[in-house]
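Working notes, structure below.
Chains as they are written, first to last, in the working numbering: chain A, 1 to 238; chain B, 1 to 99.
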């Protein structure tokens, strides 16, 4: 491999790290909340951290802790985790076209990096700068920041989560919606994107209210995307 | 949990390494996934803090969200100010009006 591609790949890792720092800051309090919840549910700090490292899927981990609290069987927890995280298949499908120049051997590992935050930063980068190569390296950089923040936050939360004042914890928990609001706003450019936003948002809220855990967001994201794609594919009137 | 979660992430590997360029309609559907995904997280995070729907005045995230939106519109593309404005608003509102 020549020096230039190596240099480009490294600069993409750096870009992924730098562009993900705000996300990392937002993930720490959420990890902290998860660590504290796991601690109160009876998990040791290292088990909670191990869970954050190898599952690496915040929403399903919160749901799993809730199910542990209700004494649900392992099979129910695993099935709920699968359904809750099925949206990652949609995320992965949307990232895949931007990863065609990635070394094949790296893709199985990089699959683990597909989570809400890293997906948001990477797809935003890929759509804004399609000419830049090696989006896999960018995803890797984003993963490093998100992983350290999420697992680090979990450890802190499990060991000392109870000392954070309630008002601060309440405000910090808003960091996750705030991150995604900041990502979402620039995408709402026309009528179709507004319709997709409302369909996915309202569908998710209704689904969370009336469907089993994790099913609502999955159906809402898939349904709203199909609706948006169909609207954009309509034949234009002359 | 780790294994089933990993299975949901496999399409990255399978589609990036093998799939041909998708049909234009499928491509337009895939293009909408980021908007739909971000919206799903935002709406549930703001309207359902703690898991249940809270369309009531005491849900302080309902006030922090518009502040975040305004800062995100004004400082288009800059994450940190938007996150900071929203989070600080939520903390201040809780300190002023919280239980």
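Backbone N, C-alpha and C define an ideal beta-carbon position, used for all residues, glycine too.
As the structure is a computational prediction, the values presented were derived from the model and not from experiment.
Q.
Which same chain residues end up closer than 6 Å to residue 2/A when comparing Cβ atoms and leaving out the 5 residues on each side of it in sequence?
A. Residue mapping note: residue 2/A aligns to position 2 of the first chain, counting from 1. Bear in mind that the predicted position of residue 2/A carries a pLDDT of just 47, short of 50, making it unreliable; the figure below should be weighed with that in mind. None.
Q) For chain B, is any of its Cβ atoms less than 7 Å away from the one on residue 88/A? A) Counting from one through the first chain, the residue named residue 88/A turns up at place 88. Cβ-Cβ to chain B under 7 Å: yes for residue 88/A.
Q: Pair every Cβ in the stretch 35-45 of chain B with every Cβ in the stretch 219-232 of chain A, then say whether three or more of these pairs are closer than 8 Å.
A: yes
Q.
For the pair the stretch 52-61 of chain A and the stretch 178-197 of chain A, tell me if three or more CB-CB distances fall below 8 Å.
A. no
Q.
Can you give me the C-alpha to C-alpha distance between residue 114/A and residue 14/B, rounded to a whole angstrom?
A. Locating residue 114/A in the first chain gives position 114, counting from the first residue. Locating residue 14/B in the second chain gives position 14, counting from the first residue. Approximately 14 Å between the Cα atoms of the pair.
(Q) Measuring straight from C-alpha to C-alpha, what distance separates residue 169/A and residue 198/A? (A) Indexing the first chain from 1 puts residue 169/A at position 169. Indexing the first chain from 1 puts residue 198/A at position 198. Each residue's Cα considered, the two are about 29 Å apart.
Q.
Taking only three categories from DSSP, how would you classify residue 2/A?
A. Sequence index remark: in the first chain, residue 2/A carries index 2 (1-based). Reliability of the predicted coordinates at residue 2/A is poor, the pLDDT of 47 falling under 50, and the value obtained from them is presented with this limitation in mind. DSSP places residue 2/A in coil when its eight states are reduced to three.
Q: Could you pull the start and end residues of the alpha helix (DSSP H) that residue 90/B belongs to?
A: If you number the second chain from 1, residue 90/B lands on position 90. 79-97 is the span of the alpha helix (DSSP H), which, as asked, contains residue 90/B.
Q) Can you tell me where the alpha helix (DSSP H) with residue 131/A in it begins and where it stops? A) Here residue 131/A is taken as the residue at index 131 of the first chain, counted from 1. Unbroken run through residue 131/A: none, as it is neither H nor E.
(Q) Could you check whether residue 111/A and residue 9/B sit closer than 7 Å to each other, using their CB atoms as the reference points? (A) Here the question's residue 9/B lines up with position 9 in the second chain. Here the question's residue 111/A lines up with position 111 in the first chain. In contact: residue 9/B and residue 111/A (Cβ atoms closer than 7 Å).
Q) With DSSP run on the structure shown, which of helix, strand or coil describes residue 114/A? A) Translated into the one-based positions of the first chain, residue 114/A becomes position 114. If DSSP states are grouped into helix, strand and coil, residue 114/A belongs with coil.
(Q) According to DSSP, is residue 164/A part of a helix, a strand, or is it coil? (A) Counted from its first residue, the first chain places residue 164/A at position 164. Residue state, collapsed to three classes: coil.
Q: Compare the C-beta of residue 63/B against all C-beta atoms of chain A and say whether one is closer than 7 Å.
A: As a working note, residue 63/B is residue 63 in the second chain. No, its Cβ sits nowhere closer than 7 Å to a Cβ of chain A.
Q: Could you pull out every residue in the same chain whose Cβ sits closer than 6 Å to the Cβ of residue 150/A, ignoring the five residues on either side in sequence?
A: On the first chain, position 150 is the one that residue 150/A refers to. By the criterion of a C-beta distance shorter than 6 Å, residue 150/A is surrounded in its chain by 27, 31, 52, once the five residues flanking it on both sides are discounted.
Q. Since residue 30/B contacts residue 93/A with CB under 8 Å, what's their CB separation in whole angstroms?
A. Looking up residue 30/B in the second chain gives position 30. Looking up residue 93/A in the first chain gives position 93. That belief holds up - the Cβ atoms of residue 30/B and residue 93/A are roughly 6 Å apart, short of 8 Å.
Q: Would you list, in chain order, the members of the stretch 143-174 of chain A that have their beta-carbon closer than 8 Å to a beta-carbon of chain B?
A: If the cut-off is 8 Å between Cβ atoms, the stretch 143-174 of chain A has 166, 167, 168, 170, 171, 172, 173, 174 near chain B.
Q. Would you call the CB atoms of residue 193/A and residue 28/B closer than 7 Å?
A. The residue you call residue 193/A lines up with position 193 of the first chain. The residue you call residue 28/B lines up with position 28 of the second chain. Not a contact, by the Cβ cut-off of 7 Å.
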